[in-house]
Amino acid sequence: MTVLEVIQKSAEFLARKDVDSPRLQTELLLAHLLKLPRMKLYLNFDRTLSDTELDAVRELVKRRGQREPLQHIVGSTSFCGLEMAVNRNVLVPRPETELLAEAGWDFLNSRGSSRHEEAQTQPAKIDQSLLTSAATALDFGTGSGCIAIALAVKCPGARVVALDASADALAMARQNAGRNGVSERLEFFHGDGFAALPSGFRFDLLISNPPYIPSAEIATLQTEVRDFDPHGALDGGPDGLDFYRLLAGRAGEWLRPGGKIMLEFGDGQAAAIRKFFAAPGWSVEAVRADYTQRDRILIARWH
Ligand code: GLN
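Numbering (the numbering used here), first residue to last: 1 to 303.
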């Protein structure tokens with residue numbers, strides 16, 4: 001069979017299994033197997049696949065047909081142009097979360113340079129810890145580490161702390177930090193909520209894509225999400241809002257004056273979350289939409 005024939009047959013198979021974008025998914029699997037960029041497949045349509053290659057494609061296509069996510073099958077995904085390994089212990093990073101990370105690094109970089117200027121012009125006003133540590137960020141519930149790692153890569157002067165309740169997720173995040181060359185600038189803590197953080201820490205930015213699916217809705221999610229993403233990364237409690245309540249109540253204690261919180265949230269949750277952040281100490285600066293024009297990100301300032 002030729003590359004083109006395999007693509008056509010496999011795409012039909014995946015379509016029958018209700019997989020979204022079956023042709024694209026097939027091409028990505030085949031490109032992975034043949035170690036070619038996807039576009040190169042088009043130059044190889046007439047190439048005949050060996051029996052070994054055919055067996056291997058069938059196996060991959062079968063797994064995708066059982067609704068295993070493409071990212072799990074190929075073992076990684078791209079986040080903000082960085083390669084992140086993923087497995088069943090971490091939520092597969094989504095494109096909308098790239099917008100959150102981008103808002104985070106814009107702020108951290110501006111914060112780092114304004115602190116630097118202040119230190120130059122008014123050294124007496126700045127306490128020593130601020131001089132030695134540049135801008136600092138906390139990724140609350142880091143999972144694969146994608147946000148923390150993107151911040152470390154895009155903000156070379158920043159120090160980034162990443163927290164997760166899952167030791168298995170942290171193992172993946174550490175691996176991803178190494179893969180992207182930022183292990184030295186990231187610190188990992190294992191624990192539920194803020195309990196694991198040393199009490200003196202203060203951050204310029206607390207950033208998080210917390211679990212936000214209402215518990216009862218998890219059963220209704222796409223198979224790829226429901227059966228393969230860890231439920232600990234999805235389940236936001238009865239109304240999906242547990243983590244926003246916690247963060248609106250507690251995050252201020254961990255922020256420096258003028259620090260910000262940036263949070264991803266789910267469909268229809270904006271109004272409820274704005275209310276939590278109407279609490280004293282916070283001012284909501286922005287609610288931003290994702291690529292599909294749905295409100296997705298809240299940015300609030302602490303005092
Ligand atoms: N964005 C994920 C989804 O749509 C949910 C991730 C989360 O709960 N933070 O499945």
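For each residue, glycine too, the CB sits at the ideal point set by N, CA and C.
Predicted, not measured: the structure shown is a model, and the values here were computed from it.
* Start-to-end residues for the alpha helix (DSSP H) that takes in H32 -> As a working note, residue 32 is residue 32 in the sequence shown. Start and end: 22-34.
* To do: Could you spell out the range, first to last residue, of the beta strand (DSSP E) harbouring G258?
  => Within the sequence shown, residue 258 is the residue found at index 258, counting from 1. First-last of the beta strand (DSSP E) with G258: 255-264.
* Same chain, Cβ closer than 6 Å to V161, five either side skipped, listed in chain order -> Your numbering for residue 161 matches position 161 in the sequence shown. These residues qualify, in order along the chain: L138, E187.
* Asked: Is M172 helix, strand or coil by DSSP?
  -> Translated into the one-based positions of the sequence shown, residue 172 becomes position 172. In the displayed model, M172 falls within a helix according to three-state DSSP.
* Three-state secondary structure assigned by DSSP to V287 -> In the sequence shown, counting from the first residue as 1, residue 287 sits at position 287. Here V287 sits in strand by DSSP.
* Look up R201 in the DSSP assignment and give the residues it is bridged to. => Counted from its first residue, the sequence shown places residue 201 at position 201. Just to set this straight, residue 201 is Phe in the shown sequence, not Arg. Partner(s): none; F201 has no beta bridge.
* **I213 CB to nearest heavy atom of ligand 1 below 7 Å** => As a first step, residue 213 is located in the sequence shown; it is residue number 213 there, counting from the start. If you check the C-beta of I213 against ligand 1, you find a heavy atom less than 7 Å away.
* Sorry if obvious, but does the Cβ on E236 come closer than 7 Å to a heavy atom of ligand 1? -> The sequence position of residue 236 within the sequence shown is 236, counting from 1. It is worth fixing the name first, because residue 236 is Gly in this sequence and not Glu. True, at least one ligand heavy atom lies under 7 Å from that Cβ.
* Contact check, G141 vs D164, beta carbons under 8 Å -> As a position in the sequence shown, residue 141 is number 141, starting the count at 1. As a position in the sequence shown, residue 164 is number 164, starting the count at 1. Yes, they are a contact pair.
* Among V287, T52, L108, nearest to A150 - alpha-carbon criterion -> To locate residue 150, count along the sequence shown from 1; it is residue 150. L108 is the residue among V287, T52, L108 whose C-alpha sits nearest the C-alpha of A150.
* Asked: Between which two residues does the alpha helix (DSSP H) carrying V57 extend?
  -> Here residue 57 refers to the residue found at position 57 when the sequence shown is read from its first residue. Residues 51-65.
* Asked: Under the three-state reduction of DSSP, which class applies to Q72: helix, strand or coil?
  -> Numbered from 1 along the sequence shown, position 72 holds the residue referred to as residue 72. Note on residue identity: the sequence assigns His, not Gln, to residue 72. Of the three classes helix, strand and coil, the one that applies to H72 here is helix, per DSSP.
* Asked: So, G157 versus L91, is the Cβ gap smaller than 8 Å?
  -> Here residue 157 corresponds to residue number 157 of the sequence shown, with the count starting at 1. Here residue 91 corresponds to residue number 91 of the sequence shown, with the count starting at 1. Their beta carbons are not under 8 Å apart, which means G157 does not touch L91 by this criterion.
* 7 Å Cβ shell around L82 - same chain, five flanking residues per side excluded -> Here residue 82 refers to the residue found at position 82 of the sequence shown. Once the five neighbours on either side are set aside, the close Cβ partners of L82 are I149, A150, V153, N180.
* Exposed or buried, P22, counting other C-beta atoms within 10 Å across all chains shown (16 or more means buried)? -> Stepping through the sequence shown from its first residue, residue 22 is reached at position 22. Sixteen is the threshold: when 16 or more other Cβ atoms of the shown chains lie within 10 Å of the Cβ of P22, as they do, the residue is buried.
* **Cα-Cα separation, Q222 to I299** => Here residue 222 refers to the residue found at position 222 of the sequence shown. Here residue 299 refers to the residue found at position 299 of the sequence shown. A straight-line Cα-Cα distance of about 29 Å links Q222 and I299.
* Spatial neighbours of L247 in its chain, beta-carbon cut-off 6 Å, leaving aside the 5 residues before and after -> Walking along the sequence shown from the start, residue 247 turns up at place 247. If we look at L247 and ignore the five residues flanking it on each side, it has no Cβ neighbours.
* Asked: Where does D164 fall in DSSP's three states?
  -> Here residue 164 refers to the residue found at position 164 when the sequence shown is read from its first residue. The answer is strand: DSSP assigns D164 an E or B state.
* If you count every other CB in all the chains shown that lies within 10 Å of the CB of K275, and 16 or more means buried, which is it? -> Within the sequence shown, residue 275 is the residue found at index 275, counting from 1. Its Cβ having fewer than 16 others within 10 Å, K275 is exposed.
* Supposed contact pair Q25 and R67 - C-beta distance, whole angstroms, cut 8 Å -> Reading the sequence shown from its first residue, position 67 is the one you call residue 67. Reading the sequence shown from its first residue, position 25 is the one you call residue 25. About 11 Å separates the beta carbon of R67 from that of Q25, a gap too long to meet the 8 Å contact definition.
* Residue of M39, G236, A195, T2 minimising C-alpha distance to I218 -> Walking along the sequence shown from the start, residue 218 turns up at place 218. Selected option, being the one with the closest Cα: G236.
* Touch test, the region 40-50 against the region 88-104, Cβ-Cβ under 8 Å, three pairs minimum -> In short, these stretches do not touch, since the Cβ pair count stays below three.
* From P211 to L29, what distance separates their C-alpha atoms? -> Counted from its first residue, the sequence shown places residue 211 at position 211. Counted from its first residue, the sequence shown places residue 29 at position 29. Looking at the two C-alpha atoms, the distance is approximately 29 Å.
* To do: Compute the beta-carbon to beta-carbon distance between L99 and N209, rounded to the nearest angstrom, for a pair I have assumed lies under 8 Å.
  => Along the sequence shown, one-based indexing puts residue 99 at 99. Along the sequence shown, one-based indexing puts residue 209 at 209. With 8 Å as the limit, L99 and N209 do not qualify as a contact, their Cβ atoms being about 11 Å apart.
* CA-CA distance, R250 and T136? -> Taking the sequence shown and counting its residues from 1, one reaches residue 250 at position 250. Taking the sequence shown and counting its residues from 1, one reaches residue 136 at position 136. Answer to the nearest angstrom: the Cα atoms are 18 Å apart.
* **Short Cβ contact (8 Å threshold) for T52 with T2** => Along the sequence shown, one-based indexing puts residue 52 at 52. Along the sequence shown, one-based indexing puts residue 2 at 2. The beta carbons of T52 and T2 sit no closer together than 8 Å.
* Asked: By the 10 Å Cβ neighbour count, where 16 or more other Cβ atoms means buried, how is M84 classified, buried or exposed?
  -> As a working mapping, residue 84 is identified with position 84 in the sequence shown. The residue is buried, with at least 16 neighbouring Cβ atoms inside 10 Å.
* **Residue nearest to F243 in terms of C-alpha spacing, selected from V86, S113, A171, I273** => Taking the sequence shown and counting its residues from 1, one reaches residue 243 at position 243. Closest in C-alpha terms to F243, from the list V86, S113, A171, I273, comes I273.
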